[in-house]
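Below is one structure, written out as structure tokens; the observations come after it.
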Amino acid sequence: MMADAGAVQRDAVDVDARGLKCPWPALRLARAMRDADRILIVADDPIAPAELAALAEERDWRIDAVDTAIGAGWRVSRE
Numbered sequence: 047m048m049a050d051a052g053a054v055q056r057d058a059v060d061v062d063a064r065g066l067k068c069p070w071p072a073l074r075l076a077r078a079m080r081d082a083d084r085i086l087i088v089a090d091d092p093i094a095p096a097e098l099a100a101l102a103e104e105r106d107w108r109i110d111a112v113d114t115a116i117g118a119g120w121r122v123s124r125e
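Throughout, my numbering is defined as the position within the sequence shown, counted from one, plus 46.
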């Protein structure tokens, strides 16, 4: 199945949220998803995994944990 000719595919964006306390990583993710279809976010706040997962579930986004060269991260995309 081909993509809709009118659909705009936006590039992936990397978000470095290390050093930010929640809710800032989730807010950075939400803002980045306004302009992108795929995000790779890295956050080191221990609360971030739960906050990011809750936001993704609320918005029907797919979220997968990934290891990056700079720490724990999550790949987030629209489904």
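Ideal Cβ positions, reconstructed from N, Cα and C, are used throughout, including at glycine. Quick caveat, the model's predicted, so the values are computed rather than measured.
Please say whether residue j and residue i have beta carbons closer to each other than 7 Å?
| i | j | result |
| --- | --- | --- |
| A63 | A82 | no |
| A100 | V122 | no |
| R80 | V61 | no |
| D106 | K67 | no |
| L98 | A115 | no |
Under 6 Å Cβ to Cβ from residue i, same chain only, skipping five residues before and after it: list those, please.
| i | result |
| --- | --- |
| R77 | none |
| V59 | A78, A82, I85 |
Kindly indicate which three-state DSSP category residue i falls into: helix, strand or coil?
| i | result |
| --- | --- |
| A49 | At A49, the pLDDT of 42 sits below 50, so the modelled position is not reliable; the number obtained from the coordinates is stated separately. Note: A49 maps to coil in three-state DSSP. |
| D91 | coil |
| A111 | strand |
Give me the residue from the options with the minimum Cα distance to residue i.
| i | options | result |
| --- | --- | --- |
| A94 | R105, A115, G119, E103 | G119 |
Taking DSSP's pairing of strands, which residues face residue i in a bridge?
| i | result |
| --- | --- |
| L86 | D60, R121 |
By Cβ distance, which residues of its chain are closer than 7 Å to residue i, with the 5 residues on each side in sequence left out?
| i | result |
| --- | --- |
| W70 | A63 |
| R124 | D83, W107 |
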